Amino acid sequence: MSGCRTMSKDELEHQFSPSHWSHRMSADDVIRAHVAALKAGTEKARSVTQTLLDVPYGDGDGEKLDVYVPSSSSPDVPLLIYFHGGYWQFLSKNESGFLAVPLVQRGVVVVAVGYSVAPKGDMDLMVSQVRRSVVSVVQQYSHISGLYLCGHSAGAHLAAMVLSTDWTQYDISPQIKGSSALKTLRLLICKHLELTLLILMNRAAQNVLLISASYLLKLLLKMMGRS
Numbered sequence: 001m002s003g004c005r006t007m008s009k010d011e012l013e014h015q016f017s018p019s020h021w022s023h024r025m026s027a028d029d030v031i032r033a034h035v036a037a038l039k040a041g042t043e044k045a046r047s048v049t050q051t052l053l054d055v056p057y058g059d060g061d062g063e064k065l066d067v068y069v070p071s072s073s074s075p076d077v078p079l080l081i082y083f084h085g086g087y088w089q090f091l092s093k094n095e096s097g098f099l100a101v102p103l104v105q106r107g108v109v110v111v112a113v114g115y116s117v118a119p120k121g122d123m124d125l126m127v128s129q130v131r132r133s134v135v136s137v138v139q140q141y142s143h144i145s146g147l148y149l150c151g152h153s154a155g156a157h158l159a160a161m162v163l164s165t166d167w168t169q170y171d172i173s174p175q176i177k178g179s180s181a182l183k184t185l186r187l188l189i190c191k192h193l194e195l196t197l198l199i200l201m202n203r204a205a206q207n208v209l210l211i212s213a214s215y216l217l218k219l220l221l222k223m224m225g226r227s
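Okay, here's the thing in structure tokens:
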């Protein structure tokens, strides 16, 4: 922790902003390319899979799910819940269907979760929303063979918070069989952004996904027995 406290504001911004690390594009171009790829992948998924879009799991404007369904699913189908990234302040479920196609083709139901990013939502609200989204999915899909959690960046932190849930408060016992690999990110509280106060509002450990998309897909399919 002492090292980050000695860094300048500009150095902190660079160290904790992956978009600044590219040698081929500017930070803004990296973000634009990333968003374009997510949107294109999601549009493809919606065009080639069966979908249930904007399924409510709560009363809030952003409390919606997008569900990608295999054309012929077995009664004991596995289900993956995806929490998008975006530094808790960017992106939405509307760019989160990009990973659905290879999973749906192997008989996996994919659910992309919407939640209220900052500044509309604070950390307490986001954690509450993702937990309630899981409750809603479990209640609607009680026949599934197993529940798997996947999160990218900020979404990986939220997936970790789901794993820390006391489910007796919700009167359910979700059979979570797998989750994406997580790594501690405590240094994030040193970052010189308005997000600092947002993150410090929640005292549980922050975690972030550090795993390649291709490896993650192989790992998830292996856990589900669909490789």
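The UniProt record's numbering puts the first residue of the sequence shown at 1, with every later residue one more than the last. By construction, the Cβ of each residue, glycine as well, lies at the ideal position given by its N, Cα and C atoms. Note that the structure is a prediction, hence the values are computed from the model and not measured.
**Asked** What is the DSSP secondary structure of residue 120, counted as helix, strand or coil?
**Response** Locating residue 120 in the sequence shown gives position 120, counting from the first residue. If DSSP states are grouped into helix, strand and coil, residue 120 belongs with coil.
**Item:** Reduced DSSP category for residue 205 - H, G, I as helix; E, B as strand; rest coil
**Value:** One-based indexing of the sequence shown puts residue 205 at position 205. Note that residue 205 scores 38 on pLDDT, short of 50, meaning its location in the model is unreliable; the coordinates nonetheless yield the value given after this. The three-state secondary structure of residue 205, taken from DSSP, is coil.
**Item:** Environment of residue 8 [buried if 16+ CB atoms lie within 10 Å]
**Value:** Translated into positions along the sequence shown, residue 8 becomes position 8. Flag for residue 8 reads exposed.
**Request:** Determine the contact status of residue 158 and residue 176, defining contact as a CB-CB distance below 8 Å.
**Result:** As a working note, residue 158 is residue 158 in the sequence shown. As a working note, residue 176 is residue 176 in the sequence shown. Contact: no.
**Alpha-carbon spacing of residue 162 relative to residue 171, whole angstroms** = By 1-based counting over the sequence shown, the position of residue 162 is 162. By 1-based counting over the sequence shown, the position of residue 171 is 171. Those two C-alpha atoms are separated by around 15 Å.
**Simplified DSSP assignment, three categories, for residue 42** = To locate residue 42, count along the sequence shown from 1; it is residue 42. DSSP places residue 42 in helix when its eight states are reduced to three.
**Prompt:** The alpha helix (DSSP H) spanning residue 75 covers which residue range?
**Reply:** Numbered from 1 along the sequence shown, position 75 holds the residue referred to as residue 75. Unbroken run through residue 75: none, as it is neither H nor E.
**Distance CB(residue 46)-CB(residue 97) smaller than 8 Å** = Within the sequence shown, the letter at position 46 stands for residue 46. Within the sequence shown, the letter at position 97 stands for residue 97. Against a cut-off of 8 Å, the Cβ pair of residue 97 and residue 46 comes out as a contact.
**Request:** Could you tell me which residues DSSP puts in a beta bridge with residue 51?
**Result:** Taking the sequence shown and counting its residues from 1, one reaches residue 51 at position 51. Looking at the DSSP output, residue 51 shares a beta bridge with 68.
**Spatially closest choice to residue 151 from 80, 132 and 101, by CA coordinates** = Sequence index remark: in the sequence shown, residue 151 carries index 151 (1-based). The candidate whose alpha carbon is nearest that of residue 151 is 80.
**Message:** So, does the stretch 115-130 touch the stretch 55-70, judging by three or more C-beta pairs under 8 Å?
**Reply:** By the criterion of at least three beta-carbon pairs nearer than 8 Å, the stretch 115-130 is in contact with the stretch 55-70.
**Asked** Helix, strand or coil: which one does DSSP assign to residue 17?
**Response** Indexing the sequence shown from 1 puts residue 17 at position 17. The answer is coil: DSSP assigns residue 17 none of H, G, I, E or B.
**Request:** Say whether the stretch 133-142 touches the stretch 98-108, bearing in mind that this needs 3 or more beta-carbon pairs closer than 8 Å, one atom from each stretch.
**Result:** For the pair of segments examined, the stretch 133-142 was found not to touch the stretch 98-108: the number of CB pairs separated by less than 8 Å stays below three.
**Message:** What does the alpha-carbon distance come out to for the pair residue 51 and residue 11?
**Reply:** Mapped onto the sequence shown, residue 51 falls at position 51. Mapped onto the sequence shown, residue 11 falls at position 11. Rounded to whole angstroms, residue 51 to residue 11 spans 43 Å at the Cα level.
**Message:** According to DSSP, is residue 146 part of a helix, a strand, or is it coil?
**Reply:** What you label residue 146 is simply residue 146 of the sequence shown in a count that begins at 1. Residue state, collapsed to three classes: strand.
**Asked** Going by the CB atoms, is the gap between residue 42 and residue 95 shorter than 8 Å?
**Response** Stepping through the sequence shown from its first residue, residue 95 is reached at position 95. Stepping through the sequence shown from its first residue, residue 42 is reached at position 42. Going by beta carbons, residue 95 and residue 42 fall inside the 8 Å limit.
**Request:** Give me the Cα-Cα distance between residue 67 and residue 174, rounded to the nearest whole angstrom.
**Result:** For the purposes of this step, residue 67 is identified with residue 67 of the sequence shown, where counting begins at 1. For the purposes of this step, residue 174 is identified with residue 174 of the sequence shown, where counting begins at 1. Straight-line measurement puts the Cα of residue 174 at about 18 Å from the Cα of residue 67.
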